[in-house]
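Here is the structure we will look at, set down as structure tokens.
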Amino acid sequence: MIKEIITYPTVESLEFGGTVRHFDETLLQTIQDLKDTIKANDLEALSAFQIGSPLAVFVILQDNGDFLEIINPVIITREGSINPTESTAYFPGLSATTKRYEKIKITYEDATGKQQFLTADGKLAIQIQRKSDYLLGANFRIRMSQEEQTLFDAKLEYGTDAFKNNDCPTTFKRDTILRVIKYGLYAGILGIILSFFLSSPMVETIKIYENYLGMGLLSMLVIYFFYAQYEGKQYTNCSSCQLGNIVGTATIQGSKILLLLLANYFLL
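According to this note's numbering, the sequence shown is numbered sequentially starting from 2.
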């Protein structure tokens, strides 16, 4: 049966890596669910955790088209070190550089409960290590350097894999503040236009509203200026032109807000 794949930000359950004791129909069904889900989503491997099962089981689709079923795996020897670029269905659309052993030897059990040994290197070794992380209640983030973790967290925050070496993104959270200021200015202009068609008491009410709106927009502009600088510092490759853009944007928006306040003072 095809299962829904658990994805971030769902937290890994505390019920992970449950050692398989009974090699029964429940286990066989879990293995079949993993295979069906791998085929349906065009994946190379899945752990039981990724479809909501706590069992210490994962399945790998090998290059020859056969499935490798691994139960209760234990890595017994490790050799070398490599830094592959990995991706996983838990973080769809994202990748990261990790640190892995180049060659490993594991002991595990097959679907009948028989003990097996396997020596793996290259792609297969990486897959086994990545899926074993899930059996420990973790994911491949724990295999990243501190710098890579920071970069990967930025990818998570912005939902894109386009970052490289902590590059500046093309969109920022601060843009949301600018959108609020823009719509606030629209509302202020609309209020001034409406005042020409309303009675004096209503005009006084609008004037009060416009003053509060103007002060609110100025406050948001101050927040934008300081938050934008903070956000830009999170990316080491953001150049000094970023600060120039921030200052320029703040100046333009400040001028618009000032014009709105002046219009409110002289026209209302």
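Backbone N, C-alpha and C define an ideal beta-carbon position, used for all residues, glycine too.
**Q.** Contacting residues, own chain, Cβ-Cβ under 8 Å from E149 (five flanking each side not counted)
**A.** By one-based count along the sequence shown, residue 149 stands at place 148. Contacts found: A97, T98, T99.
Q: Buried or exposed for E205, please, with buried defined as at least 16 other CB atoms from any protein chain shown within 10 angstroms of its CB.
A: By 1-based counting over the sequence shown, the position of residue 205 is 204. Counting Cβ neighbours within 10 Å, E205 comes out exposed, since fewer than 16 surround it.
Q. Among M203, F197, G215, S200, which one has its Cα closest to the Cα of G189?
A. Walking along the sequence shown from the start, residue 189 turns up at place 188. Checking every option, the nearest Cα to that of G189 belongs to G215.
Q) How would you write the range of the beta strand (DSSP E) that N73 sits in, first residue to last? A) For this step, residue 73 is matched to residue 72 along the sequence shown. 68-80 is the extent of the beta strand (DSSP E) around N73.
Q) Taking just the CA atoms, how far does T252 sit from S126? A) As a working mapping, residue 126 is identified with position 125 in the sequence shown. As a working mapping, residue 252 is identified with position 251 in the sequence shown. The identity of residue 126 in the sequence shown is Ala, whereas the question assumes Ser. Cα to Cα, A126 sits roughly 55 Å from T252.
**Q.** Distance CB(T86)-CB(N140) smaller than 8 Å
**A.** In the sequence shown, residue 86 corresponds to position 85, counting from 1. In the sequence shown, residue 140 corresponds to position 139, counting from 1. No. Outside cutoff.
Q: Reducing DSSP to helix, strand and coil, say where E205 ends up.
A: By 1-based counting over the sequence shown, the position of residue 205 is 204. Reduced to three states, the DSSP call for E205 is helix.
Q) Per DSSP, A46 forms a beta bridge with which residues? A) Residue mapping note: residue 46 aligns to position 45 of the sequence shown, counting from 1. DSSP, once it has assigned bridges, lists I61 as partnering A46.
**Q.** Exposure label - G94; buried when at least 16 CB within 10 Å
**A.** Position 93 of the sequence shown, counting from 1, holds the residue named residue 94. The residue in question, G94, is exposed, as its Cβ has fewer than 16 Cβ neighbours within 10 Å.
Q) Considering only C-alpha positions, which residue in the set R22, S54, E232 is nearest to Y135? A) Locating residue 135 in the sequence shown gives position 134, counting from the first residue. For Y135, the nearest C-alpha among the options comes from S54.
Q) Do L218 and I258 have their CB atoms nearer than 8 Å? A) Translated into the one-based positions of the sequence shown, residue 218 becomes position 217. Translated into the one-based positions of the sequence shown, residue 258 becomes position 257. Against a cut-off of 8 Å, the Cβ pair of I258 and L218 comes out as a contact.
Q) Would you call the CB atoms of T78 and K106 closer than 8 Å? A) Along the sequence shown, read from residue 1 onward, the residue named residue 78 stands at position 77. Along the sequence shown, read from residue 1 onward, the residue named residue 106 stands at position 105. Closer than 8 Å, so yes.
Q | N- and C-terminal bounds of the alpha helix (DSSP H) containing K106 | A | Residue 106 sits at position 105 when you count from the first residue of the sequence shown. Segment 104-110 is the beta strand (DSSP E) holding K106; no alpha helix (DSSP H) there.
Q. Per DSSP, F92 is paired with what?
A. Counted from its first residue, the sequence shown places residue 92 at position 91. None, per the DSSP bridge assignment.
Q) The alpha helix (DSSP H) spanning F118 covers which residue range? A) As a position in the sequence shown, residue 118 is number 117, starting the count at 1. Element bounds for F118: not the alpha helix (DSSP H) but the beta strand (DSSP E), 116-122.
Q.
Can you look up E87 in the DSSP assignment and give me helix, strand or coil?
A. Within the sequence shown, residue 87 is the residue found at index 86, counting from 1. Residue state, collapsed to three classes: strand.
Q) Between L44 and E103, what straight-line distance do the alpha-carbon atoms span, to the nearest angstrom? A) Position 43 of the sequence shown, counting from 1, holds the residue named residue 44. Position 102 of the sequence shown, counting from 1, holds the residue named residue 103. Roughly 22 Å separates the two Cα atoms.
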